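2 protein chains.
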Amino acid sequence: MRPAKALAKSLERVVPIGTLAERTGVKVETIRYYEQVGLLPEPERSEGNQRRYGRAHVERLAFIKHGRDLGFAVESIRTLLRLSDTPGMACDEAHAIAAEHLEEVRDKIARLRSLEAELARIATVCSGGVAASDCAVIEALADHSHCEHHGH
Amino acid sequence: MRPAKALAKSLERVVPIGTLAERTGVKVETIRYYEQVGLLPEPERSEGNQRRYGRAHVERLAFIKHGRDLGFAVESIRTLLRLSDTPGMACDEAHAIAAEHLEEVRDKIARLRSLEAELARIATVCSGGVAASDCAVIEALADHSHCEHHGH
DNA sequence: CTACAACCTCTAGCCACTACAGCTTCAAGA
DNA sequence: TCTTGAAGCTGTAGTGGCTAGAGGTTGTAG
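Just so you know, the sequences run in chain order A and B.
Everything in the first sequence is counted per the working numbering, starting at 247 for the first residue and increasing by one.
Everything in the second sequence is counted per the working numbering, starting at 247 for the first residue and increasing by one.
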C-alpha cells in the first residue's frame with residue numbers, strides 16, 4: 247500500500263521548483279534569481295534539465311526568506327548563511343549584523359516619523375477646507391521657509 | 247560701481263548647472279536626470295552648449311527637492327507640478343496625493359515597527375550572552391515556528 | 001498519444017539615481 | 001594672449017532585488 251500520489255507529492259524527497267516555491271512562499275523567478283546570485287546552491291537536474299530540490303534546499307531557502315522578511319540585505323543574508331554553515335559559529339558577527347540592521351530600521355522609522363508629522367501638517371491644513379486662495383500642499387512644496395535656514 | 251564678482255555671482259540672473267546644484271542642494275547629475283525625465287524643462291544654452299538656468303528653474307527645482315525630501319514619488323511630483331502650473335488649482339487632487347502618500351508612510355512605519363520589535367527580540371537574546379550552544383540570530387532565521395502557522 | 005501546465009534560458013524593465021569615460025568649454029591668473 | 005584646471009558636456013552602464021515576457025522544451029494526467 248503506497249500512499250496516494252497527491253500525498254506522496256507533499257512528502258517527496260526531491261521536488262521541482264514550483265513545489266519549492268509553494269512550500270517556502272518564494273516565487274519561482276526569485277528562486278532562480280537567488281541561484282544566479284549564489285545565495286542558493288545549484289540543485290541537481292532531471293534528465294530533461296529541470297531543477298530538482300532536496301530537503302537542504304528547502305531549509306536554506308526558508309532561512310533566506312525569513313531574513314528577507316526581516317529586511318536583511320541579500321549581502322547580509324549571504325554572510326549569515328556562511329556563518330550558519332560554519333561549525334564553531336561566530337555568534338558575534340551574526341549579532342553585529344542584526345544589531346546594525348536594527349539600528350538602520352530604527353533610523354528609518356525616525357525619519358519616516360518626522361516625514362509623517364510634516365505630511366500630516368500639510369494635508370490637514372488642506373483638508374480643513376481653509377479658504378486659502380492657493381492649495382496648502384502646493385504652497386508647502388513651493389515654500390522656502392524650511393530650507394533657507396540650512397543653506398540653499 | 248558694479249558689485250564685486252563674488253557677490254555678482256550669487257545674485258546672477260542666469261547661472262550654470264553647478265551653481266543651481268549648490269543653491270538647491272540637488273546634485274548636478276540629478277538635475278540632468280530630472281531634465282531627461284521631463285521634470286525640469288530644458289534650459290537655454292550658452293554658445294558653448296552649456297546649460298544656463300534662470301530664476302524659474304531654481305524655483306521649480308526647489309519644489310521638486312522639497313517633494314522628494316517628503317518622499318513623494320517622481321510621478322507624484324510630476325502631477326503636483328502640473329497642478330501648480332494650473333491657474334485654477336485643483337487642490338482636491340493635490341490633497342489626495344498627499345493623503346495617499348501619508349497613508350503609505352504610515353503603513354511603512356507600522357511595518358518597520360513590527361520588524362523592529364522582532365529584530366530587537368532576536369538581537370537581545372543573542373547579546374545577553376546566553377550560554378546557548380547555537381547563535382540566537384541564526385536560530386531565529388532557521389526556525390520555522392513563525393511561518394508554519396501561516397502555511398509553508 | 002495528446003494536450004497543457006510547468007519548466008527552461010535569456011533579456012529587458014522597474015525606480016531614482018550614481019558613476020564613469022572621454023571629450024569640450026569657461027574663466028582666472030601670468 | 002596664452003595656459004591651466006575646474007566645470008561642463010553626452011552617452012552608457014551599474015545599483016538592489018526582483019519581475020515580466022518571449023520563445024522554446026519537458027513532464028504528466030487522461
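Note that the Cβ used here is the ideal one computed from N, Cα and C, for glycine as well.
Note that the structure is predicted; figures quoted are calculated from it, not measured.
Cβ of A/Thr-351 within 8 Å of any chain B Cβ: For the purposes of this step, residue 351 of chain A is taken as the residue at position 105 of the first sequence. It should be noted that the sequence gives Val, not Thr, for residue 351 of chain A. True, the Cβ-Cβ gap to chain B drops below 8 Å.
What is the rounded straight-line gap between the Cα of B/Gly-334 and the Cα of A/Thr-370? By 1-based counting over the second sequence, the position of residue 334 of chain B is 88. By 1-based counting over the first sequence, the position of residue 370 of chain A is 124. Near 21 Å, if we compare the C-alpha coordinates of A/Thr-370 and B/Gly-334.
Pull out every residue of the region 339-366 of chain A whose Cβ sits closer than 7 Å to any Cβ of chain B, in chain order. Ala-340, His-341, Ala-344, Ala-345, His-347, Leu-348, Val-351, Arg-352, Lys-354, Ile-355, Leu-358, Arg-359, Leu-361, Glu-362, Glu-364, Leu-365 and Ala-366
Assess, as a yes-or-no matter, whether the region 320-334 of chain A is touched by the region 304-314 of chain B under the definition of 3 or more beta carbon pairs within less than 8 Å. no
Do you know how far the Cα of A/Glu-321 is from the Cα of A/Glu-275? For the purposes of this step, residue 275 of chain A is taken as the residue at position 29 of the first sequence. For the purposes of this step, residue 321 of chain A is taken as the residue at position 75 of the first sequence. Each residue's alpha carbon lies about 19 Å from the other.
Could you tell me which chain B residues have their CB closer than 7 Å to the CB of A/Gly-317, listed as they occur along the chain? In the first sequence, the residue the question calls residue 317 of chain A occupies position 71. Correct list: Leu-361.
Proximal residues to B/Arg-291 (C-beta, below 7 Å), its chain only, five neighbours per side dropped: As a first step, residue 291 of chain B must be located in the second sequence, where it is residue number 45. Hits under 7 Å: Arg-297 and Arg-298.
Closest residue to B/Ala-319 among B/Ile-355, B/Leu-358, B/Ala-356 and B/His-347 (Cα-Cα distance): Counting from 1 along the second sequence, the entry for residue 319 of chain B is found at position 73. With distances taken between Cα atoms, B/Ala-319 lies closest to B/His-347.
Residue from B/Ala-345, B/Ala-382 and B/Leu-365 with nearest C-alpha to A/Arg-367: Taking the first residue of the first sequence as 1, we reach residue 367 of chain A at position 121. Minimum Cα distance to A/Arg-367 is reached at B/Ala-345.
Where A/Glu-293 sits in the DSSP three-state scheme: In the first sequence, residue 293 of chain A corresponds to position 47, counting from 1. Three-state result, A/Glu-293: coil.
Using a Cβ-Cβ cut-off of 7 Å (strictly less than) and excluding sequence neighbours within five positions of B/Glu-281, which residues of its own chain qualify? Position 35 of the second sequence, counted from the start, is the residue given in the question as residue 281 of chain B. Result list for B/Glu-281: Glu-288, in chain order.
Can you tell me which of the three DSSP states A/Arg-314 falls into? In the first sequence, counting from the first residue as 1, residue 314 of chain A sits at position 68. Helix at A/Arg-314.
Which residues share a DSSP beta bridge with A/His-299? Translated into the one-based positions of the first sequence, residue 299 of chain A becomes position 53. A quick correction: the sequence has Tyr, not His, at residue 299 of chain A. DSSP output for A/Tyr-299 lists A/Val-261 as bridge partner(s).
Count the other C-beta atoms from every protein chain shown that fall within 10 angstroms of the C-beta of B/Val-272, then say buried if there are 16 or more, exposed otherwise. Along the second sequence, read from residue 1 onward, the residue named residue 272 of chain B stands at position 26. B/Val-272 comes out buried.
Please compile the residues from chain B whose C-beta is within a distance smaller than 8 Å of the C-beta of A/Val-383. Locating residue 383 of chain A in the first sequence gives position 137, counting from the first residue. Ordered by position in chain B, the residues that pass the 8 Å Cβ test against A/Val-383 are Leu-326, Cys-337, Ala-340, His-341, Ile-343 and Ala-344.
Please classify B/Thr-270 as buried or exposed, where buried requires at least 16 other C-beta atoms within 10 Å of its C-beta. Locating residue 270 of chain B in the second sequence gives position 24, where the first residue counts as 1. Buried, by the Cβ-count rule.
Report the three-state DSSP secondary structure of A/Asp-338 (helix, strand or coil). In the first sequence, the residue the question calls residue 338 of chain A occupies position 92. Of the three classes helix, strand and coil, the one that applies to A/Asp-338 here is helix, per DSSP.
Using the Cα positions of A/Gly-300 and A/Thr-332, report the straight-line distance between them to the nearest angstrom. If you number the first sequence from 1, residue 300 of chain A lands on position 54. If you number the first sequence from 1, residue 332 of chain A lands on position 86. Going by the C-alpha atoms only, they are around 21 Å apart.
What does the Cβ neighbour count give for A/Val-261, buried or exposed, with the cut at 16 atoms within 10 Å? Start at 1 with the first residue of the first sequence, and residue 261 of chain A comes out as number 15. Flag for A/Val-261 reads buried.
On the CB-based measure, 16 or more other CB atoms within 10 Å of its CB, does A/His-390 come out buried or exposed? Working through the first sequence from its first residue, we reach residue 390 of chain A at position 144. Classification of A/His-390: exposed, given that the 10 Å Cβ count is below 16.
Less than 7 Å between C-beta atoms, sequence neighbours within five positions excluded: which residues of the same chain meet that for A/Ala-267? Here residue 267 of chain A is taken as the residue at index 21 of the first sequence, counted from 1. Once the five neighbours on either side are set aside, the close Cβ partners of A/Ala-267 are Lys-273, Val-274 and Ile-277.
Does the separation of the CB atoms of B/Glu-364 and A/Leu-387 fall below 8 Å? The sequence position of residue 364 of chain B within the second sequence is 118, counting from 1. The sequence position of residue 387 of chain A within the first sequence is 141, counting from 1. Cβ atoms of B/Glu-364 and A/Leu-387: not closer than 8 Å.
Quick one: is A/Gly-284 buried, meaning 16 or more other Cβ sit within 10 Å of its Cβ, or exposed? Position 38 of the first sequence, counting from 1, holds the residue named residue 284 of chain A. Result: exposed.
So which of B/His-312, B/Glu-293 and B/Leu-286 has the shortest CA-CA distance to B/His-303? Residue mapping note: residue 303 of chain B aligns to position 57 of the second sequence, counting from 1. Among B/His-312, B/Glu-293 and B/Leu-286, the Cα nearest to that of B/His-303 belongs to B/Leu-286.
Please report how far the alpha carbon of B/His-341 lies from the alpha carbon of A/Val-351, in whole angstroms. If you number the second sequence from 1, residue 341 of chain B lands on position 95. If you number the first sequence from 1, residue 351 of chain A lands on position 105. So the two alpha carbons sit approximately 29 Å from each other.
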